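Each position in the sequence shown, counted from 1, maps to that position plus 14 in this note's numbering.
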Amino acid sequence: MRWLSALSKLAGVLLLVPAFAVVTAHAQDAKPFTNEQLDQMTAQVALYPDSLLAQLLMATTYPEDFAAAAAWSKAHPDAKGDDAVKMVENEPWDPSVASLVAFPEVLITFGGQPDWVRNIGDAFLAQPDDVMDSVQRLRQKAQAAGNLKSNEQVTVSMQAPEVGPDAAPQTVVVQQAAPPPQVIVIQPAQPSVV
């Protein structure tokens, strides 16, 4: 009789496993941030040059290191550029965070917004394509409004989006917004200056 009781418990557990797997798979497919939330988060940085934006997004995935680097930048207000990066070589921070000490204004500004840093970092880890689509949507809006043009500080150009070799047509059941047809690239006018 004990084996019958154990068998019934095992059967009950086995019946729950597929339900758990479905819930887990659904949780992995769910997107934690909507396009509107992403647009609100990326609005502060969408017009940064691509090189700085990439560094910033990577650095936000390390919020504790980001906070430490922001505190370091506040404590060393005269440290900028390559000299600042050399000064933090021995810090245990991720290289993406250490590279941001070259831009103390960026670190200090966002260091005062720890919730933003954590949220954008989480979004970038979970939904990198959606984050970059958000940046492109905002850049297109700025360009359409006449607020995004090449000048003495930046060069703005349009490029066709890159399609990877393994990109195959996919059936999309629900899509919040189509990716932009062209990619707006922002680069420093002088490559050595951001």
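All residues carry an ideal CB built from backbone N, CA and C; glycine is no exception. Predicted model, so just to flag it, every value in this text is computed and none were measured.
Burial state of Pro77, where buried means 16 or more other Cβ atoms lie within 10 Å: Taking every protein chain shown into account, the CB of Pro77 has 16 or more other CB atoms within 10 angstroms, so this residue is buried.
DSSP-derived helix/strand/coil call for Gln127: Of the three classes helix, strand and coil, the one that applies to Gln127 here is coil, per DSSP.
Sub-8 Å separation of Ala174 and Gln196 beta-carbons: Yes.
Among Leu114, Asn104, Gln167 and Ala73, nearest to Ala93 - alpha-carbon criterion: The closest CA to that of Ala93, considering only Leu114, Asn104, Gln167 and Ala73, is found on Leu114.
Alpha carbon of Gly125 to alpha carbon of Met55, nearest angstrom: Across the structure, Gly125 and Met55 are spaced so that their CA atoms are roughly 15 Å apart.
Assigned secondary structure, Val120 (DSSP; H/G/I helix, E/B strand, else coil): Val120 sits in a helix when the DSSP states are folded into three classes.
Reduced DSSP category for Pro109 - H, G, I as helix; E, B as strand; rest coil: In this structure, Pro109 counts as helix in the three-state DSSP scheme.
Endpoints, beta strand (DSSP E) assigned at Pro202: Its beta strand (DSSP E) spans residues Val197 to Pro202.
Residues sharing a beta bridge with Val170, DSSP: Bridge partners of Val170 according to DSSP: Ile200.
Selection from Ala159, Ala203 and Asn161 that minimises the alpha carbon distance to Gln167: Checking every option, the nearest Cα to that of Gln167 belongs to Ala203.
Continuous alpha helix (DSSP H) stretch holding Lys100: start and end: It spans Gly95 to Met101 - the alpha helix (DSSP H) in which Lys100 sits, taken as one unbroken run.
C-alpha distance - Gln157 paired with Leu70, whole-angstrom precision: Distance between the alpha carbons of Gln157 and Leu70: 22 Å.
For Asn104 and Ala60, the rounded distance between their alpha carbons: Near 31 Å, if we compare the C-alpha coordinates of Asn104 and Ala60.
Residues near Ser110 by beta carbon distance below 8 Å, same chain, minus five either side: Gln69, Met72, Ala73, Thr75 and Tyr76.
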